[in-house]
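Residue numbers (the working numbering): 179 to 419. Beta carbons are placed, not taken as given, at the ideal position from N, Cα and C, and that holds for glycine.
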Ligand code: 6PG
């Protein structure tokens, strides 16, 4: 596990963008799963502002780790957020963008996207493999749209499932554990002091963290890279970095 800590969330965005640009440059083609959330949003802004021309976007295939079950022009849509902050500002072929269709019936879409990933992604261990999965982490330890009260979705035999947000009741389509853990690199982008307790529990205290979906991230062959700001890293010591 690699843990990188930066002073501010802006520095997290700058350094992750640089990491992503190098990652893409080193490869012929990449398959990347994106996340919603506030930290990915500032990464998208940074990529659009400073890496627009440095990255050959035609080599990049973009997917989503989760999507809210709303139309693509709804303010809740992760796809819409990504269009506004990144996709509308870079030159990426339309056919490289593989969104979860939030406007479809949730069950239908979970199955369609599972089949789609099965068809288009390369496979390792017989399971589709992303080169990189970008994850935010909620204050409750959720990742993608797997929340603590539905933690069993992590172990689903399907690559995608329908989840329900515990407070709003909003339905979402999310990728599940077997496909997340099969990724080559899983990067957590986590900022802000309200994440500090969960981050240290996940890294140090597996028992307390038992009910946090983020604790279940354990790549089969790949690695985890945490990108934290100092506020989110407040509970971990520098010997861990
Ligand atoms: C979503 C996200 C979700 C997000 C976390 C963290 O669609 O809601 O994919 O998993 O990453 O909730 O969000 P923040 O970075 O905004 O805290």
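A distance of 7 Å or more separates the beta carbons of residue 401 and residue 353. 7 Å or more divides the Cβ of residue 261 from the Cβ of residue 411. Checking the DSSP bridge columns, you'll see residue 239 partnered with 209. For residue 334, the distance from the CB to the nearest heavy atom of the ligand 6PG is not below 6 Å.
Distances between the C-beta of residue 208 and the heavy atoms of the ligand 6PG are all 6 Å or more.
Assignment of residue 406 by DSSP, reduced to helix, strand and coil, places it in the strand class.
Excluding residues up to 5 positions away in sequence, 338, 339, 340 and 351 lie with their Cβ nearer than 6 Å to the Cβ of residue 288 in the same chain. For residue 307, same chain residues with a beta-carbon under 7 Å away, outside a window of 5 residues either side, are 299, 300, 301, 360, 361 and 362 in chain order. Pairing residue 214 with residue 256 gives a Cβ-Cβ distance under 7 Å.
Collapsing the DSSP output to three states places residue 186 in coil.
A straight line joining the alpha-carbon of residue 293 with that of residue 404 spans about 30 Å.
Judged by DSSP in its simplified three-state form, residue 244 adopts strand. In the structure shown, residue 301 falls within a strand segment according to DSSP collapsed to helix, strand and coil. Shown here for residue 249: same chain residues with a beta carbon closer than 6 Å to its own, the five before and five after excluded, namely 281 in chain order. Within the DSSP secondary-structure output, residue 365 pairs in a beta bridge with 312 and 403. Taking a 10 Å sphere around the C-beta of residue 374, we find 16 or more other C-beta atoms and assign the residue as buried.
Between residue 329 and residue 397, the C-beta gap is not smaller than 7 Å, which leaves the two residues out of contact.
Taking 6 Å as the cut-off, the C-beta of residue 217 counts as close to a heavy atom of the ligand 6PG.
By the CB criterion at 7 Å, residue 366 and residue 313 fall inside the cutoff. For the options 319, 370 and 355, the alpha carbon positioned closest to that of residue 388 is the one of 319. Residue range 256-263 is occupied by the alpha helix (DSSP H) that includes residue 261. Bounds of any beta strand (DSSP E) do not take in residue 415, whose DSSP letter is neither H nor E.
Here residue 180 is exposed: its Cβ has fewer than 16 other Cβ atoms, across all protein chains shown, within 10 Å.
Taking the Cα of residue 217 as reference, the smallest distance to any Cα among 355, 414 and 406 is reached at 406.
At least one heavy atom of the ligand 6PG is found less than 6 Å from the C-beta of residue 256.
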